[in-house]
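For reference, the structure is listed below as structure tokens.
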Amino acid sequence: MKRISTPFLIFVVCPPPFQEKLIDGELPYVDERYRTRSYGEGRLVEIMERCWVYEPEKRATIFEVVEFLRETLAEHKRREVAGARR
Numbered sequence: 013m014k015r016i017s018t019p020f021l022i023f024v025v026c027p028p029p030f031q032e033k034l035i036d037g038e039l040p041y042v043d044e045r046y047r048t049r050s051y052g053e054g055r056l057v058e059i060m061e062r063c064w065v066y067e068p069e070k071r072a073t074i075f076e077v078v079e080f081l082r083e084t085l086a087e088h089k090r091r092e093v094a095g096a097r098r
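Residue numbers for the sequence shown follow the numbering used here, beginning at 13 and rising by one.
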């Protein structure tokens, strides 16, 4: 098994076969229906994938994740209010 600089959790949480896939750039499978079923689910898939980026300088930081989730929540609330007015 290759040992290179990767996120700590890859080696703690993932068994070796999955470690190799992640190191080779293969992301976990996400059912495509989650991307379009609702606004919130689509946004969660988007941020999860940004967190899974192998190269640390391209991966979302915790600050970006928090801001992304705050923006998503605000937009979700805006959509709820707009939907209730109809």
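For glycine and all other residues, C-beta sits at the position ideal for the given N, C-alpha and C.
In this text the structure is predicted, and so the values were computed from the model without any measurement.
CB of residue i within 9 Å of CB of residue j, strictly
| i | j | result |
| --- | --- | --- |
| residue 61 | residue 42 | yes |
| residue 54 | residue 46 | yes |
Pairwise C-alpha distance: residue j and residue i
| i | j | result |
| --- | --- | --- |
| residue 22 | residue 48 | For residue 22, the pLDDT reaches just 45, beneath the cut-off of 50, and the residue's location in the model is therefore unreliable, leaving the point undetermined. |
| residue 80 | residue 39 | 20 Å |
| residue 96 | residue 56 | 23 Å |
| residue 89 | residue 44 | 24 Å |
| residue 93 | residue 78 | 23 Å |
| residue 75 | residue 33 | 27 Å |
| residue 98 | residue 70 | 41 Å |
| residue 83 | residue 29 | 36 Å |
Bounding residues of the alpha helix (DSSP H) (the contiguous stretch that carries residue i)
| i | result |
| --- | --- |
| residue 46 | 45-48 |
| residue 77 | 74-96 |
| residue 52 | 51-63 |
Chain-order list of residues whose beta-carbon lies under 6 Å from that of residue i (same chain, five-residue window excluded)
| i | result |
| --- | --- |
| residue 85 | none |
Cut-off 8 Å between Cβ atoms - residues of its own chain near residue i, not counting five sequence neighbours on either side
| i | result |
| --- | --- |
| residue 91 | 51 |
| residue 72 | 59, 62, 63, 65 and 80 |
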